[in-house]
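In this note's numbering, the protein residues as written are 160 to 598.
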């Protein structure tokens with residue numbers, strides 16, 4: 160097994176020869192063998208054991224075994240106790256998810272302190288089970304490879320080794336280990352996949368494990384090829400100043416696999432493959448305005464492109480009783496100036512108002528459906544929605560557009576168009592200059 164793991168580490172560039180590494184050790188056969196193998200390969204290892212305290216005497220026995228074995232090999236050991244119950248209440252998650260979250264919190268802290276890599280003992284059977292679970296849950300093509308060889312600082316040197324390989328290595332290397340009974344608890348989906356689904360598949364198609372191992376490896380290689388192609392296609396893409404990423408329909412069509420490309424760009428954002436398929440249908444049908452909210456971002460169908468827009472805080476509303484003392488945090492600046500200061504070429508982000516024609520209080524708020532403006536130079540009013548369309552304001556910015564009103568009418572579609580009402584002129588006695596301070 161030592162040579163198999165050494166080659167796997169080299170092929171996937173997981174560690175430089177002799178590089179130090181953390182090893183997550185539970186006391187089970189997988190992690191105890193991983194610790195032993197990396198130690199014998201000459202890597203300066205440091206073990207970390209997380210005591211979840213969930214299994215009473217069994218948890219204590221796991222901890223005692225890890226402590227004794229590390230002492231026997233002269234391996235530094237970091238033991239940390241976590242309170243899963245508190246995390247369950249805080250996060251309103253399952254015991255399994257809470258325990259995982261706490262473990263990874265510790266792992267991230269340790270790799271930040273160094274060494275910068277942490278090895279985990281996931282193996283080929285784990286990857287196969289994860290692939291089956293991902294297929295059932297509809298996680299898309301990335302889910303076919305099961306468990307990644309590397310994710311950030313976390314590496315998995317045993318992913319090419321089966322559980323049978325690991326148990327045999329434990330026997331040959333005389334590695335002690337303990338069995339976790341929860342691994343067979345049918346309350347957990349993974350345990351049912353392992354104990355019920357995989358044996359059934361073996362009955363239906365003997366040798367299916369080998370086929371699945373091969374398919375998982377193939378999926379990893381295909382994923383690498385897909386990443387290379389996707390990187391070529393999106394190399395020129397850069398978010399704009401507001402963090403908005405624009406990907407044209409032409410780019411998606413040129414990829415020949417628009418769903419794969421979108422899935423990659425939106426990975427970790429909570430988009431189910433069915434939603435990605437909906438996006439592709441919207442692209443094919445040319446539907447402008449479709450919205451797909453995710454986790455932290457929203458995808459908007461614009462003209463010949465999708466916009467991936469970061470979620471922003473909802474716009475506020477401000478009431479101004481005294482224009483010379485505007486509230487803090489308001490994205491407009493107001494000050495009194497002379498009529499001689501009026502500059503007709505100041506641009507769309509400035510408006511000049513006749514203070515004596517204002518009906519206080521002033522209000523700054525997001526525009527609403529049905530809002531109307533009487534544009535300067537026109538005799539009739541116009542819907543704000545039409546003003547935004549005429550100005551070709553991108554869809555994601557329409558939602559961020561504010562209007563300035565007094566008690567009777569809209570005075571300014573901020574940064575877009577001013578009303579002719581209460582507009583200052585060269586004859587105005589008291590002029591209020593209003594600047595839009597942020598986009």
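All residues carry an ideal CB built from backbone N, CA and C; glycine is no exception.
Straight-line gap, residue i to residue j (C-alpha atoms, nearest Å)
{"i": "residue 363", "j": "residue 295", "result": "19 angstroms"}
{"i": "residue 532", "j": "residue 251", "result": "48 angstroms"}
{"i": "residue 422", "j": "residue 225", "result": "41 angstroms"}
{"i": "residue 469", "j": "residue 454", "result": "9 angstroms"}
{"i": "residue 260", "j": "residue 493", "result": "48 angstroms"}
{"i": "residue 462", "j": "residue 524", "result": "27 angstroms"}
{"i": "residue 506", "j": "residue 477", "result": "24 angstroms"}
{"i": "residue 565", "j": "residue 481", "result": "12 angstroms"}
{"i": "residue 214", "j": "residue 353", "result": "21 angstroms"}
{"i": "residue 418", "j": "residue 443", "result": "12 angstroms"}
{"i": "residue 339", "j": "residue 254", "result": "16 angstroms"}
{"i": "residue 358", "j": "residue 351", "result": "10 angstroms"}
{"i": "residue 139", "j": "residue 379", "result": "Within the shown structure, residues of the chain are numbered from 160 to 598, placing residue 139 beyond reach of any answer."}
{"i": "residue 285", "j": "residue 172", "result": "21 angstroms"}
{"i": "residue 326", "j": "residue 282", "result": "12 angstroms"}
{"i": "residue 438", "j": "residue 293", "result": "21 angstroms"}
{"i": "residue 541", "j": "residue 548", "result": "11 angstroms"}
Cβ-based neighbour list, residue i, same chain, cut-off 6 angstroms, excluding 5 preceding and 5 following
{"i": "residue 280", "result": "189, 190, 193, 317"}
{"i": "residue 334", "result": "191, 192, 195"}
{"i": "residue 371", "result": "287"}
{"i": "residue 435", "result": "418, 421, 422"}
{"i": "residue 571", "result": "510, 563, 577"}
{"i": "residue 568", "result": "580"}
Extent of the continuous alpha helix (DSSP H) run through residue i
{"i": "residue 432", "result": "432 to 444"}
{"i": "residue 358", "result": "357 to 363"}
{"i": "residue 478", "result": "Residue 478 -> not in any alpha helix (DSSP H); beta strand (DSSP E) instead, spanning 477 to 479."}
{"i": "residue 567", "result": "From DSSP, residue 567 is part of no alpha helix (DSSP H); its letter is neither H nor E."}
{"i": "residue 288", "result": "283 to 296"}
{"i": "residue 189", "result": "188 to 199"}
{"i": "residue 350", "result": "348 to 351"}
{"i": "residue 165", "result": "161 to 170"}
Option in the options with minimal Cα separation from residue i
{"i": "residue 405", "options": "254, 425, 387", "result": "425"}
{"i": "residue 588", "options": "247, 530, 246, 517", "result": "517"}
{"i": "residue 264", "options": "284, 242, 283", "result": "242"}
{"i": "residue 310", "options": "393, 275, 500", "result": "275"}
{"i": "residue 384", "options": "409, 420, 169", "result": "420"}
{"i": "residue 390", "options": "488, 410, 378", "result": "410"}
{"i": "residue 489", "options": "168, 474, 498, 400", "result": "474"}
{"i": "residue 206", "options": "278, 165, 556", "result": "278"}
{"i": "residue 289", "options": "365, 305, 402", "result": "305"}
{"i": "residue 515", "options": "522, 495, 501, 530", "result": "495"}
{"i": "residue 530", "options": "521, 355, 543", "result": "543"}
{"i": "residue 238", "options": "321, 323, 222, 448", "result": "222"}
{"i": "residue 554", "options": "361, 583, 457", "result": "457"}
{"i": "residue 573", "options": "584, 550, 583", "result": "550"}
{"i": "residue 536", "options": "560, 312, 582, 185", "result": "582"}
{"i": "residue 186", "options": "165, 431, 500, 229", "result": "229"}
{"i": "residue 336", "options": "184, 497, 312", "result": "184"}
{"i": "residue 209", "options": "174, 269, 169", "result": "269"}
{"i": "residue 591", "options": "504, 485, 393", "result": "485"}
{"i": "residue 497", "options": "504, 512, 235, 487", "result": "512"}
Same chain, Cβ closer than 8 angstroms to residue i, neighbours up to 5 away in sequence not counted
{"i": "residue 177", "result": "201, 202, 203"}
{"i": "residue 377", "result": "none"}
{"i": "residue 427", "result": "454"}
As assigned by DSSP and simplified to three states, the class of residue i
{"i": "residue 578", "result": "strand"}
{"i": "residue 211", "result": "coil"}
{"i": "residue 584", "result": "coil"}
{"i": "residue 395", "result": "coil"}
{"i": "residue 380", "result": "helix"}
{"i": "residue 483", "result": "coil"}
{"i": "residue 408", "result": "helix"}
{"i": "residue 326", "result": "helix"}
{"i": "residue 518", "result": "coil"}
{"i": "residue 240", "result": "strand"}
{"i": "residue 205", "result": "strand"}
{"i": "residue 306", "result": "coil"}
{"i": "residue 459", "result": "strand"}
{"i": "residue 501", "result": "coil"}
Proximal residues to residue i (C-beta, below 7 angstroms), its chain only, five neighbours per side dropped
{"i": "residue 211", "result": "218, 241, 243, 258"}
{"i": "residue 527", "result": "none"}
{"i": "residue 199", "result": "161"}
{"i": "residue 232", "result": "198"}
{"i": "residue 519", "result": "480, 565, 566"}
{"i": "residue 448", "result": "460, 554"}
Endpoints, beta strand (DSSP E) assigned at residue i
{"i": "residue 223", "result": "From DSSP, residue 223 is part of no beta strand (DSSP E) but of the alpha helix (DSSP H) over 216 to 232."}
{"i": "residue 513", "result": "509 to 513"}
{"i": "residue 178", "result": "Per DSSP, residue 178 belongs to no beta strand (DSSP E) and is neither H nor E."}
{"i": "residue 451", "result": "450 to 452"}
{"i": "residue 495", "result": "491 to 496"}
CB contact below 8 angstroms: residue i versus chain C
{"i": "residue 585", "result": "Looking at the structure shown, chain C is missing, and only one protein chain is on hand."}
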